[in-house]
Amino acid sequence: MTQINVAFCYENCRLSDKVPGSEPDSTEDLSCIGLLHVKLYVGDQMSSHWCCEEVWRKGCQLSVTHNVGAVGALRRVKSAISVARKVLEHTEHSLLVGDQATQFALSLGFKEENLSTDFSLSLWKQWKRNNCQPNYWMNVIPDPKTSCGPYKVLPSMDKSRMTNTNPSKFGIDNHDTIGMIVIDGNGRIAGGTSSNGAKFKIPGRVGDSPIAGAGCYVDQDVGGAAATGDGDVMMRFVPSYNTVENMRHGMSPTDAAQDSIKRIIAKYPAFSGAIIAAKMNGEYGAACHGMEKFPFSVANPKFGNVTVLSVPCV
1 MTQINVAFCY ENCRLSDKVP GSEPDSTEDL SCIGLLHVKL YVGDQMSSHW CCEEVWRKGC
61 QLSVTHNVGA VGALRRVKSA ISVARKVLEH TEHSLLVGDQ ATQFALSLGF KEENLSTDFS
121 LSLWKQWKRN NCQPNYWMNV IPDPKTSCGP YKVLPSMDKS RMTNTNPSKF GIDNHDTIGM
181 IVIDGNGRIA GGTSSNGAKF KIPGRVGDSP IAGAGCYVDQ DVGGAAATGD GDVMMRFVPS
241 YNTVENMRHG MSPTDAAQDS IKRIIAKYPA FSGAIIAAKM NGEYGAACHG MEKFPFSVAN
301 PKFGNVTVLS VPCV
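The numbers in the sequence shown follow full-length UniProt numbering, run straight up by one, and end at 314.
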């Protein structure tokens, strides 16, 4: 099955039977379509965390007013993109997280349910049998590379054993993000991201997806960008925002995305991830690192149906 991490749509590519509405309608519709295209890698069967419970993160942005609605570490509610939209439309906040985000969703009528599946449970059990490898702990005892813990902080005498970086754990078998840039027939733009996050993440972890400027960013005067990959690293560089600003200053979408990727790998050479970008005129591009190539999908008047493209990585 084809891996499709990020989708760009242009000019009335709603791909649904709904009456055309606002831009967030398109990002919600596309999130469902994306899950159908990539359910082997992304969706409600992926990415349990340390305690074997699936947790959603989601971000959504509407650029005409520059409003943002996002939820992070959302538990027991599947329709996270729709919850993010409720944050955008019915609150003055930009981001709600954790159990309080779940309570917000339930108060507005969303269904509470167990998001774990037989598949995700089997992955978690296999991971436990493998001494919880890989995981995201560091500078603790016992050694997190060989043990499931519980862990304690290294005593001061052992500070020389501390490490600052580990090899990237993100790749085709450990990602769970869909990003969207949507430009409708009236020339309005919206962006959205959807993610379960990294497999076996430490409970409480929130990645880049719900962070405006990191997971995605759009500007009505310029265009938009969305990112996927090692979110813990990516949010330190707000690469989607940087990509849009690069386009504002005249770069092509491809050059803008490559610049953002190169800024990251200058500090984190082992980084794995990708960025897609699009201008308001429909020009698009992508860039990646840490893999051979990066596939993404495009729907516009030229292609008609959704078309899968790919770019070689820098």
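All residues carry an ideal CB built from backbone N, CA and C; glycine is no exception.
Whole-angstrom C-beta distance between residue j and residue i, which should lie under 8 Å
i, j, result
"residue 299", "residue 306", "5 Å"
"residue 241", "residue 217", "5 Å"
"residue 239", "residue 264", "7 Å"
"residue 94", "residue 70", "6 Å"
"residue 75", "residue 117", "With 8 Å as the limit, residue 75 and residue 117 do not qualify as a contact, their Cβ atoms being about 15 Å apart."
"residue 233", "residue 97", "So it is not a contact: roughly 20 Å between Cβ atoms."
"residue 141", "residue 152", "6 Å"
"residue 219", "residue 271", "Contact flag wrong, Cβ pair sits at about 25 Å."
Nearest candidate by alpha-carbon position, reference residue i, set the options
i, options, result
"residue 319", "80, 65, 66", "Lying outside 1 to 314, the shown extent of the chain, residue 319 is not represented and no answer is given."
"residue 197", "138, 253, 209, 294", "209"
"residue 227", "186, 289, 281", "289"
"residue 65", "221, 257, 148", "221"
"residue 281", "184, 114, 89", "184"
"residue 223", "233, 180, 262, 232", "180"
"residue 313", "104, 285, 303", "285"
"residue 275", "250, 301, 249, 193", "193"
"residue 252", "188, 131, 279", "279"
"residue 244", "256, 236, 237, 119", "256"
"residue 211", "154, 237, 270", "237"
"residue 317", "254, 131, 178, 82", "Here the chain has residues from 1 to 314 only, and residue 317 is not among them."
"residue 248", "225, 261, 287", "225"
Three-state secondary structure assigned by DSSP to residue i
i, result
"residue 253", "helix"
"residue 219", "strand"
"residue 247", "helix"
"residue 180", "strand"
"residue 141", "strand"
"residue 286", "strand"
"residue 198", "coil"
"residue 69", "strand"
"residue 307", "strand"
Residue i - partner residues in DSSP beta bridges
i, result
"residue 302", "Answer is none; residue 302 lacks a bridge partner."
"residue 312", "293"
"residue 224", "218, 278"
Counted within 10 angstroms of its Cβ, other Cβ atoms place residue i as buried (16 or more) or exposed
i, result
"residue 204", "exposed"
"residue 246", "buried"
"residue 302", "exposed"
"residue 43", "Any reading at residue 43 is ruled out, since the residue's pLDDT is 45, under 50, leaving its predicted position unreliable."
"residue 119", "exposed"
"residue 202", "exposed"
"residue 135", "buried"
"residue 41", "Since pLDDT at residue 41 reaches only 36, below the 50 mark, its modelled position is unreliable, and the value read off the structure follows with that caveat. Buried, by the Cβ-count rule."
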